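The working numbering applies: residue 1110 is where the sequence shown begins, and numbers increase by one. Written out below as C-alpha cells is the structure these notes cover.
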Amino acid sequence: MTANLLDYDLDGLAAFCETLGEKRFRATQLFRWIHQRGVRDFDDMSDLAKSLREKLKGVAHVAAPAVLSQHESADGTIKWLFDVGGGDAIEAVFIPEDDRGTLCVSSQAGCAVGCRFCSTGHQGFSRNLSTGEIVGQLWFAEHFLRRHLKTDERVISNVVMMGMGEPLQNYSALVPALKTMLDDHGYGLSRRRVTVSTSGMVNFMDRLGEDCPVALAVSLHAPNDPLRDDLVPLNRKHPLAELMAACKRYLQHAPRDFVTFEYCMLDGVNDGAEHARQLVELVRSHDVSCKFNLIPFNPFPQSGLVRSPQQRVAAFAKTLNDAGIVTTVRKTRGDDIDAACGQLAGEVQDRTKVGARIARQRTVVTKPVKFLPGVQETTGSS
Ligand code: SAH
Ligand code: SF4
C-alpha cells in the first residue's frame, strides 16, 4: 500500500519528501498541485521533475473516500455520502449562502459520546477517520464544485467540523487536517472560518488552543448538570463548571473573541423560560464571552424527542438577547435530503453493510446532480 498524500499537512509532506531525498520546496509544489489545483495524477504535475514524478508513482497516491451518492436539495445544499470501507459511510454537506460557501465535515464513522438527540450518537462508534479521509471530503467537494460551477475561484470559504463524530476524540488526525485547511499553500482558509464543534472534550480544547487555534463551537444543550448529564453523557466526566472554565481558557488563544454555544431546542426538555434564565446565569457567573446558536431539533424516530415550537424558540432567543447575549436561530437547510444537523447517515443500528443500506434508504432524491465528466475518476480510492 502506497502513502496517501492527503494524510499529510505541509510539514508531514515535507518529511515524506525528505525520505525520497527531495527538498521542502518540492513538497510545497506537490501540496499546491494536490490541494489548490485538485490534481491527483503525478503525470499532470508539470513543473515537477520527471524523475520525481516516476518516484512518486511507486510510493504514493492521492485518494479521497469514494462517493456513494450525491443529493442536491431544492435550496442548493448538496450532501455527499462517502464510503470509508468496512461497511462504514460518512457524510459531508455543502451549504451555499450569498456571502460564503460552508462545508460541514465528518471526523468519525459514528460517535462514542452518545447524545440522546443525535442520530450519529445512536449509531454508536465505529472508527476514527484518517487525516486523508477528513481532508478528502474538502478536497473532493472543493474541486467538484469548481468544476460543477465552472469557476477557478475558491468555492468553499468556511469549514465546520459538525458532521458525524466528535472531532476532539480524533485529535491526532484532526490537527493535520485543520492545518491543511489553513495553509496558504493548501486551502488558505481563515482561522475564523474554520470551526471545530465539540460536545466538551475539555483536555483537548486546551490542546487545540495551543496547537491550532480555530473558531470554537461548544454543544451546550442544557443549562444545568443534571439535564446535561442526561442529554450529553460526556457531561458526567466534564461538568459545566469545568467546561465553562475551558471555554475561558480557549478564548485566550481563539481567533474570535467569543465561543459559539450550540443549543438544540427540545420540546418540554430544555426549552423553558427557566432554562433560558439559567443559561444567562451560567455564562454570566463564569464570565464567558459567547454567542448562542439555537438549533431546531431534527427529529428521528429512536430519539423519542420532539422539536420545540417556533414560538418557544423565539421566546428563548428573546430572553438571551435581552440579557445582552447575541443569539441566532439556525436556519434548517437541506431538510428535503436529510442533510440537517444530527441526521447524517442516521438511523443505522446494524453496523454491517451500513453504506449500502444508507444509500438505499436515501433514494428520495429531489434533484440529482450529474457528475461531470472526469469527476468520478478523481474520487475513487486507489
Ligand atoms: N460532535 C460534535 C460535532 C458534531 S454534531 C458536537 O457534538 O458538537 C454538530 C451539531 O449538531 C452539534 O451541536 C449537535 O449537538 C447538533 N445536533 C446533533 N443532533 C442533532 C439533531 N437531531 N438536531 C439538531 N441538532 C443536532
Ligand atoms: Fe457525537 Fe456530537 Fe452527536 Fe453528541 S451531538 S453524539 S458528540 S456527533
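Where a beta carbon is used, it is the ideal one built from N, C-alpha and C, also for glycine. Keep in mind that this is a model prediction, so the values were computed, not measured.
Notebook entry, point to check: How many Å lie between residue 1157 and residue 1139 at the Cα?
Noted result: 8 Å
Notebook entry, point to check: The beta strand (DSSP E) with residue 1399 in it runs from where to where?
Noted result: 1399-1405
Check: Secondary structure at residue 1468, three-state DSSP: helix, strand or coil?
Finding: Residue confidence for residue 1468 is low, a pLDDT of 35 falling below 50, so the modelled location carries little weight; the figure read from the coordinates is stated next. Correct three-state label for residue 1468: helix.
Next item on the list: Could you pull out every residue in the same chain whose Cβ sits closer than 8 Å to the Cβ of residue 1226, ignoring the five residues on either side in sequence?
Entry: 1330, 1340, 1373, 1375, 1406, 1412, 1414, 1451
Margin query: Relative to the C-alpha of residue 1185, which candidate in 1293, 1378, 1211 has its C-alpha closest?
Written below: 1211
Notebook entry, point to check: Residues with a Cβ closer than 5 Å to any heavy atom of ligand 2, in chain order?
Noted result: 1220, 1222, 1224, 1227, 1229, 1230, 1275, 1308
Checklist line | Range covered by the alpha helix (DSSP H) that runs through residue 1321 | finding: Per DSSP, residue 1321 belongs to no alpha helix (DSSP H) and is neither H nor E.
Next item on the list: State yes or no: is the C-beta of residue 1292 within less than 7 Å of the C-beta of residue 1129?
Entry: no
Margin query: If you reduce the DSSP assignment to three classes, tell me which class residue 1374 lands in.
Written below: strand
Margin query: Below 8 Å on the Cβ atoms is my contact criterion, and I expect residue 1215 with residue 1310 to pass it. Report the Cβ-Cβ distance as a whole number of Å.
Written below: The pair is not a contact, with the Cβ atoms about 16 Å apart (cut-off 8 Å).
Notebook entry, point to check: What runs of the alpha helix (DSSP H), each 4 residues or longer, lie entirely inside the stretch 1151-1195?
Noted result: 1159-1168
Next item on the list: In the DSSP assignment, find the unbroken beta strand (DSSP E) run with residue 1213 in it and report its ends.
Entry: 1209-1213
Notebook entry, point to check: When you compare each of 1337, 1418, 1159, 1399 to residue 1223 by their alpha carbons, which one comes out closest?
Noted result: 1337
Margin query: Going by beta-carbon coordinates alone, are residue 1171 and residue 1143 separated by less than 7 Å?
Written below: yes
Checklist line | Cα-Cα separation, residue 1289 to residue 1383 | finding: 43 Å
Margin query: Give the list of continuous alpha helix (DSSP H) stretches no shorter than 4 residues that lie fully inside the stretch 1279-1335.
Written below: 1280-1291, 1311-1320
Item checked: Exposure of residue 1163, with buried meaning 16 or more beta-carbon neighbours within 10 Å -> exposed
Notebook entry, point to check: Is the beta carbon of residue 1394 within less than 6 Å of some heavy atom of ligand 1?
Noted result: no
Next item on the list: Spell out the partners DSSP gives residue 1198 in its beta bridges.
Entry: 1192
Item checked: Straight-line gap, residue 1182 to residue 1286 (C-alpha atoms, nearest Å) -> 27 Å
Notebook entry, point to check: Does DSSP put residue 1204 in a helix, in a strand, or in coil?
Noted result: strand
Next item on the list: Go ahead and pull the three-state DSSP assignment for residue 1381.
Entry: coil
Notebook entry, point to check: Does the Cβ-Cβ distance between residue 1357 and residue 1397 come in under 7 Å?
Noted result: yes
Item checked: Proximity of residue 1235 and residue 1218 at Cβ, strictly below 7 Å -> yes
Check: How should residue 1131 be labelled, buried or exposed, when 16 other C-beta atoms within 10 angstroms of its C-beta is the threshold for buried?
Finding: buried
Notebook entry, point to check: Mind checking residue 1113: buried by the 16 CB within 10 Å criterion, or exposed?
Noted result: buried
Checklist line | residue 1461 versus residue 1192: straight-line alpha-carbon distance, rounded | finding: Low per-residue confidence applies at residue 1461: pLDDT is 35, beneath 50, and the placement is therefore not dependable enough to give any value.
Next item on the list: Count the CB pairs spanning the stretch 1305-1323 and the stretch 1273-1282 that are closer than 8 Å, and state whether there are at least three.
Entry: yes
Next item on the list: Mind checking which residues open and close the alpha helix (DSSP H) that includes residue 1228?
Entry: 1228-1232
Check: Taking the continuous beta strand (DSSP E) assigned at residue 1270, which residues delimit it?
Finding: 1267-1270
Item checked: Nearest neighbour of residue 1208, chosen from 1438, 1360, 1422, 1302 [CA to CA] -> 1302
Notebook entry, point to check: Can the beta-carbon of residue 1264 be found less than 7 Å from the beta-carbon of residue 1304?
Noted result: no
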